[in-house]
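Notes follow once the structure below has been shown.
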Amino acid sequence: MAADNSKSARPRVALFVTCMVDSLYPDVGIATADLLEQHGAEVIFPEGQTCCGQPAFNAGFRRDASKVARHFLDVFWPLVRDGGIDAIVAPSGSCVAMVKHSYDILFADDEDDAYQHKAQEVSRVTYELTQYLVDVLRVDSTGASCTAKLAYHPCCHLLRDLRVDEQPRRLLSHVEGARVVDLPSAEECCGFGGLFAVKNAGISTAMGRRKAHHLSACGAELVAVNDVSCMTQLNGVLLREGHRCRAVHIATVLRKSEAPQGEEPHA
Amino acid sequence: MTASPVPARDEILARLTGYLTPEPPRFRGEAEPLPTVPMTVTGAPSGDATLAAMFGSRLEDVQGTYEIVDRPGDAAEQVAQRIRLWCPPLFDDQPGAPTQVLAWAPDEIGVPNLENRLRESNIELLVPGDLHEAQVRHKAAGLSVGITGVDAAFASTGSVVLASGKGKSRSASLLPLHHLMIVPASRIYPTFEDWLRTLRQAGELENFLRHNAQVAFVTGPSKSADIELNLTLGVHGPKVVHAIVVDDGTPTGS
Amino acid sequence: MLDVHAPFESRVTQALADDHLRTALDRATTRLAERRDLAVAAVDNPALRHEVRAIRQFAITHLPDMLQQLETNLIANGCQVHWARNAAEANDIVRDIARRHGVRRVVKSKSMLTEEIGLNEALETDGIEVVETDLGEYIIQLAHEPPSHILAPVIHKRAEDISDLFQRELGMPPTTDPGVMCATARQELRRKFLQADMGISGGNFAIAETGTICIITNEGNGRMVTSMPRVHVAVVGIEKVVPRVEDAFLLWQATTRNATGQAVSVYFAMCSGPRRPDHADGPQEMHVVLLDNGRSRIIDRGYPDVLLCIRCGACVDVCPVYREIGGHAYGATAYSGPIGAVLTPLLADDPTSVCELPFASSLCGACGEVCPAEIDLPRILLDLRSDMVNAGTSSVLERVAFTSYATGMQKPWRYRALVVVARWATKLLPRNGSGGLTKLLPPLNAWMRTRVFPRFARRSFRRLWRKRSSGRGIEPSR
Chain C
1 MAADNSKSAR
11 PRVALFVTCM
21 VDSLYPDVGI
31 ATADLLEQHG
41 AEVIFPEGQT
51 CCGQPAFNAG
61 FRRDASKVAR
71 HFLDVFWPLV
81 RDGGIDAIVA
91 PSGSCVAMVK
101 HSYDILFADD
111 EDDAYQHKAQ
121 EVSRVTYELT
131 QYLVDVLRVD
141 STGASCTAKL
151 AYHPCCHLLR
161 DLRVDEQPRR
171 LLSHVEGARV
181 VDLPSAEECC
191 GFGGLFAVKN
201 AGISTAMGRR
211 KAHHLSACGA
221 ELVAVNDVSC
231 MTQLNGVLLR
241 EGHRCRAVHI
251 ATVLRKSEAP
261 QGEEPHA
Chain R
268 MTASPVPARD
278 EILARLTGYL
288 TPEPPRFRGE
298 AEPLPTVPMT
308 VTGAPSGDAT
318 LAAMFGSRLE
328 DVQGTYEIVD
338 RPGDAAEQVA
348 QRIRLWCPPL
358 FDDQPGAPTQ
368 VLAWAPDEIG
378 VPNLENRLRE
388 SNIELLVPGD
398 LHEAQVRHKA
408 AGLSVGITGV
418 DAAFASTGSV
428 VLASGKGKSR
438 SASLLPLHHL
448 MIVPASRIYP
458 TFEDWLRTLR
468 QAGELENFLR
478 HNAQVAFVTG
488 PSKSADIELN
498 LTLGVHGPKV
508 VHAIVVDDGT
518 PTGS
Chain A
522 MLDVHAPFES
532 RVTQALADDH
542 LRTALDRATT
552 RLAERRDLAV
562 AAVDNPALRH
572 EVRAIRQFAI
582 THLPDMLQQL
592 ETNLIANGCQ
602 VHWARNAAEA
612 NDIVRDIARR
622 HGVRRVVKSK
632 SMLTEEIGLN
642 EALETDGIEV
652 VETDLGEYII
662 QLAHEPPSHI
672 LAPVIHKRAE
682 DISDLFQREL
692 GMPPTTDPGV
702 MCATARQELR
712 RKFLQADMGI
722 SGGNFAIAET
732 GTICIITNEG
742 NGRMVTSMPR
752 VHVAVVGIEK
762 VVPRVEDAFL
772 LWQATTRNAT
782 GQAVSVYFAM
792 CSGPRRPDHA
802 DGPQEMHVVL
812 LDNGRSRIID
822 RGYPDVLLCI
832 RCGACVDVCP
842 VYREIGGHAY
852 GATAYSGPIG
862 AVLTPLLADD
872 PTSVCELPFA
882 SSLCGACGEV
892 CPAEIDLPRI
902 LLDLRSDMVN
912 AGTSSVLERV
922 AFTSYATGMQ
932 KPWRYRALVV
942 VARWATKLLP
952 RNGSGGLTKL
962 LPPLNAWMRT
972 RVFPRFARRS
982 FRRLWRKRSS
992 GRGIEPSR
């Protein structure tokens, strides 16, 4: 299903690909761009972008986070101000949550309100990929197919911060040939948590193992997630522990093409 | 005690005032106004059942039991039978020493002809005087049945209100393994909040609490789930709680 | 049991290695969370949360007025009111009352606050026998352990462990039947109740308008402690005050639904003073100790939110971190789980002394979602982390890492260069397991000890994008 193009040209979307996708999982970025284009959006990629600042923010390094966030706004805000784009879309629930909710905290005590204001304007047009596909582009099915037994793990920030859950589930349920299985305790965190994953590596791994155990129990071959950080954690555990299941980013499942391959962190 | 020039009270209050004024504290999240009247949390069950039946069914949900007596005159009989069920007489044909039960004063239990009927079954009510006296306490602690009335009861949860007072010992509903409570149907309210509203409107709520030293809300038998979340009954209070609901034909709250 | 005084890392390692502990935690927290879900689904929970929040927020905002009103009414009811700035003062007050009455035996109902101030130990130095009467608290007292959950203190023990303890300490015949174990404790504790000279309780709520201390229990020990001994002392945190009777009823129901999934607890004892002269039982004296112990300072520290807590434990039961490590890993504190991770540092004289706690969270947000007082726990964890960093608790490595990160991310070219370096560096990593070069980078080493680390892509997205765009004859934007 395509967007309603009758009243205007195709919506222009600035892709915020996120630093992890850019450097570790470029294919997820390509899949994201493909999906947006396939469903009627025009995608631009502002090349000045780097990171949203979340790693430092979550670690308590707010001054450092604020510098990065300012850079993010310096790149994206002019596009919003000039009406050059209709939306900013990222294939990550947590990065979007950072922009939409945490920038407010970050700039609340700023002497100069300029960035607070910019953050609010940018926040208004920023979406997570599946949220944008379903809520704005009115996509019901992406026309993708997949024969694997598929589970869905709702990433914490997407689920609880952005309150996006039904959208990715609906899109996945319409993937042709997919056997979507129920993941037990699906809403439990995978244990990533940024700095937490290394600062509290033992607890983080235990949480990841619990998730891996649930994935095995439900017989999933692939588990779709909306965040490559969670994907990295899950594959990190699944591979090390010798599970058959692989975590994949939802964009690569939803993309209309051949069945997705599990991201192999090691060649 | 710690020697300090400023009394703790004054220092704490001054500190708080300093922290809370003139700027009010900054909470994360929306400021909500204090509700004029807090909401009804647990509503009464819907349906045609009488409040008495609803109360009983909720009490059963929490491991209590109940029966409804249609005529107040029959209540004494039921009380006697219930006690004999819990404490069968040692000898069928010999009277022996009477079975003592820890009780509220008969007036407070509110069952007509109760003492006479119990005497027929060789049952005696022990209404304690001062439970801080070793002898009284020792005697009370050895009894396995307690009988009380209730100040109010609730259809929403199967709870009862037991206010301490003259002739209304706390021990009667606390020490014995079995607690028998006489619940006049007229004292059953749909919800806590209905009862609160009634007392508040009558200007009695404050005094009810302040004059009774302890007002206890009791919902079923004593229980614990501390051992691997296994439900066990009768940890400190009664293990068995039985309500005799007496339908006295008068409307609620009268 | 793990050593609660060991360093955090060591406590966590010990907990993670204890399979019994983790099985027990998993079972218990899952069931508690399920029961809670059902119980809040049966009521208008969003409205309930708003009202809990409103009542608590009103009370905290008006604390000086509320407390003075409470005091006036407690005194009018015949109570003796004491104020304590800190643990030492509170303990001295209670010891003094005990001394005046020649108290030798004390029974206590469950109170996290007295756990917080170490009241038992203080009384024991005077040779007073102190018996915890909540079944769970009694068990851990016998085992000489601190509670591992604010609500279910013995959540970490299996029935077998408790049976062993009762056989050893109480001479119980071998059995794991909870009913028998419970009956054994009943018999033992009943004697204590009848002999005790003094009962000590906490207080879930203190009603300002009537001078009433409310105590929630299921076992009935709350009523026992406040009814059987001649003297009752309630040690109550200053934040527990609520304005009206109706507010206490709302909070009571919110607490029980969120704590155990019950509509209401079995007992709700509302104590307004000593027994009247014509009463058969009840204490002849009732004392109320209003204790600050760092609570007012929490407001000054900018965290009034945590004073809204009604101690239901819902956040603990849904916390995936608590589920892996249990309460003792949070250290020698009465409070564990997400609320413990914020309350313990905020109550401490020096919050940085427990700086690791706010970081021990994946920020999954489950706690904030369930909190009946709508306390934004994830946000508070984040704010505390920032405070800790500003106080200089982070390691040199962390500081260098984030400074470089911020510097790198502010310029796309620096960022690209960083990625190139990272790509080359990770090529040198061992394929599986840690060690070798990863030891140079402790965070990476920590990751790789248990997990596979992904390889950086040969071509970054931006390079693929350029290729894709030029293939279509589109100029890359910017």
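Chains as they are written, first to last, in my numbering: chain C, 1 to 267; chain R, 268 to 521; chain A, 522 to 999.
The beta-carbon is built from N, C-alpha and C at its ideal position, and this holds for glycine as well.
Every value quoted in this text rests on a predicted model; they were computed, and no experiment measured them.
1. Quick check on this structure: which residue in C:91, C:68, C:178, C:200 has the alpha carbon closest to the alpha carbon of residue 13 of chain C?
2. Could you name the residues of the same chain whose beta carbon sits closer than 6 Å to that of residue 29 of chain C, not counting the 5 residues immediately before and after it, in chain order?
3. Check residue 932 of chain A in the structure and name its three-state DSSP category.
4. Below 8 Å, can you find three or more Cβ-Cβ pairs linking the region 580–592 of chain A to the region 783–797 of chain A?
5. If you count every other CB in all the chains shown that lies within 10 Å of the CB of residue 509 of chain R, and 16 or more means buried, which is it?
6. Who are the Cβ neighbours of residue 657 of chain A in its own chain at under 7 Å, not counting the five residues just before and after it?
7. Mind listing, in chain order, the continuous beta strand (DSSP E) runs of no fewer than 3 residues lying wholly within the region 782–841 of chain A?
8. Please determine, among A:878, A:921, A:834, A:933, the residue with the shortest C-alpha to C-alpha distance to residue 668 of chain A.
9. Take residue 763 of chain A as the anchor and find which of A:639, A:724, A:555, A:805 has the nearest alpha-carbon.
10. Give the secondary structure of residue 576 of chain A by DSSP, where H, G and I count as helix, E and B as strand, and everything else as coil.
11. Using 8 Å as the threshold, is the region 298–310 of chain R in touch with the region 471–483 of chain R, meaning 3 or more CB pairs across them?
12. Residue 847 of chain A and residue 677 of chain A: beta carbons closer than 8 Å?
13. Find the nearest neighbour of residue 176 of chain C within the set C:146, C:156, C:189, judged by alpha-carbon distance.
14. Using a Cβ cut-off of 9 Å, which residues of the region 867–889 of chain A contact any Cβ in chain C, in chain order?
15. Which of the three DSSP states is assigned to residue 29 of chain C in this structure?
16. Please list, in chain order, the residues of the region 331–346 of chain R that have any C-beta partner in chain D closer than 8 Å.
17. Ends of the beta strand (DSSP E) at residue 249 of chain C?
18. Rounding to the nearest angstrom, what Cα-Cα distance links residue 108 of chain C and residue 162 of chain C in this structure?
19. Compare the C-beta of residue 100 of chain C against all C-beta atoms of chain A and say whether one is closer than 8 Å.
20. Do you know how far the Cα of residue 856 of chain A is from the Cα of residue 670 of chain A?
21. With 16 other CB atoms within 10 Å as the buried threshold, where does residue 979 of chain A fall?
22. Relative to the C-alpha of residue 1005 of chain A, which candidate in A:974, A:887, A:895, A:621 has its C-alpha closest?
23. Within 10 Å of its beta-carbon, does residue 886 of chain A have 16 or more other beta-carbons around it, so buried, or fewer, so exposed?
24. Going by DSSP, what residue range makes up the alpha helix (DSSP H) through residue 473 of chain R?
25. Might you give, ordered along the chain, the residues of its own chain that have their beta carbon closer than 7 Å to the beta carbon of residue 110 of chain C, omitting 5 neighbours on each side?
26. For the region 112–129 of chain C, which residues have a CB atom closer than 7 Å to at least one CB atom of chain A, in sequence order?
27. Nearest chain R C-beta to residue 788 of chain A closer than 8 Å, yes or no?
28. To which residues of the same chain is residue 741 of chain A closer than 8 Å at the C-beta, ignoring the five residues directly before and after it?
29. Nearest-angstrom Cα distance between residue 832 of chain A and residue 253 of chain C?
30. DSSP three-state call for residue 735 of chain A: helix, strand or coil?
31. Bridge partners of residue 390 of chain R, per DSSP?
32. Are the C-beta atoms of residue 596 of chain A and some chain C residue less than 8 Å apart?
33. Going by C-alpha distance, which of A:566, A:565, A:545, A:576 is nearest residue 299 of chain R?
34. For the alpha helix (DSSP H) that residue 81 of chain C lies in, which residues bound it at each end?
35. Distance, Cα to Cα, residue 105 of chain C vs residue 82 of chain C?
36. Are the region 816–830 of chain A and the region 491–499 of chain R in contact at 8 Å, needing three or more beta carbon pairs?
On the basis of the data shown:
1. C:91
2. 17, 21
3. coil
4. no
5. Buried is the call here.
6. 673, 674, 675
7. 788–792, 806–812
8. A:834
9. A:724
10. helix
11. no
12. Yes, they are a contact pair.
13. C:146
14. Taking 9 Å as the Cβ-Cβ cut-off against chain C, the residues of the region 867–889 of chain A that qualify are 877, 879, 880, 881, 882, 883, 884, 885, 886, 887, 889.
15. helix
16. Reference to chain D is not applicable here, since the protein chains of this structure are C, R and A.
17. According to the DSSP assignment, residue 249 of chain C belongs to the beta strand (DSSP E) that extends over 246–249.
18. Roughly 20 Å between the two C-alpha positions.
19. no
20. If I take the Cα positions, the gap works out to 7 Å.
21. exposed
22. Only positions 522 to 999 of chain A appear in the structure, and residue 1005 of chain A is not among them; the question remains open.
23. So residue 886 of chain A counts as buried.
24. Note, residue 473 of chain R: alpha helix (DSSP H), 472–478.
25. 116
26. From the region 112–129 of chain C, no residue has a Cβ closer than 7 Å to chain A.
27. Answer yes: the Cβ-Cβ gap between residue 788 of chain A and chain R drops below 8 Å somewhere.
28. In its chain, beyond the 5 residues on either side, 787, 788 have a beta carbon closer than 8 Å to the beta carbon of residue 741 of chain A.
29. 43 Å
30. Here residue 735 of chain A carries a strand assignment [DSSP, helix/strand/coil].
31. Per DSSP, R:366.
32. no
33. A:576
34. 62–81
35. Going by the C-alpha atoms only, they are around 25 Å apart.
36. Not touching, per the Cβ criterion.
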